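Engineer: Quick one: the structure is below, questions incoming.
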Amino acid sequence: MSIQFQRMSIQLKDINCFYGAHQALFNITLDCPAGETLVLLGPSGAGKSSLLRVLNLLEMPRSGHLRIAGNQFDFKQSPGRNPSANCAKT
């Protein structure tokens, strides 16, 4: 039995994430095509962990768009709403 891995792409557009009044991510836009490797490198406090939390939907950005593994999320929603309500499988 062989294990097959699905290659997935990741696209972020204009992601802004806040912790209270502190903005952790400022208009992050990136495109990582399927099969590519992406490295997050930067000093402490640069937002690397915040970006990973957004990619895993552990933190909800205030604005922007995320497309990952064929799922699209639009974060231009009302505060307090579940992001899966704005999820579209493409």
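Residue numbers (this note's numbering): 370 to 459.
Glycine included, each C-beta is placed from N, C-alpha and C at the ideal position.
Owing to the predicted nature of the structure, the values given are computational and were not obtained by experimental measurement.
Going by DSSP, what residues sit across from residue 432 in a beta bridge?
Structural biologist: Counting from 1 along the sequence shown, the entry for residue 432 is found at position 63. Answer by DSSP bridge pairing, in chain order: 385.
Engineer: Using the C-alpha atoms, what's the distance from residue 372 back to residue 428?
Structural biologist: Within the sequence shown, numbered from 1, the residue matching residue 428 stands at position 59. Within the sequence shown, numbered from 1, the residue matching residue 372 stands at position 3. Their Cα atoms are separated by approximately 31 Å.
Engineer: Under the rule that 16 or more other beta-carbon atoms within 10 Å means buried, what is residue 419, buried or exposed?
Structural biologist: The residue given as residue 419 occupies position 50 in the sequence shown. Label assigned to residue 419: buried.
Engineer: Relative to the ligand FAD, is the shortest distance from any of its heavy atoms to the C-beta of residue 383 smaller than 7 Å?
Structural biologist: Because no ligand of any kind appears in the structure shown, any question about the ligand FAD cannot be addressed here.
Engineer: From residue 445 to residue 370, what does the alpha carbon distance come to, in whole angstroms?
Structural biologist: On the sequence shown, position 76 is the one that residue 445 refers to. On the sequence shown, position 1 is the one that residue 370 refers to. Looking at the two C-alpha atoms, the distance is approximately 44 Å.
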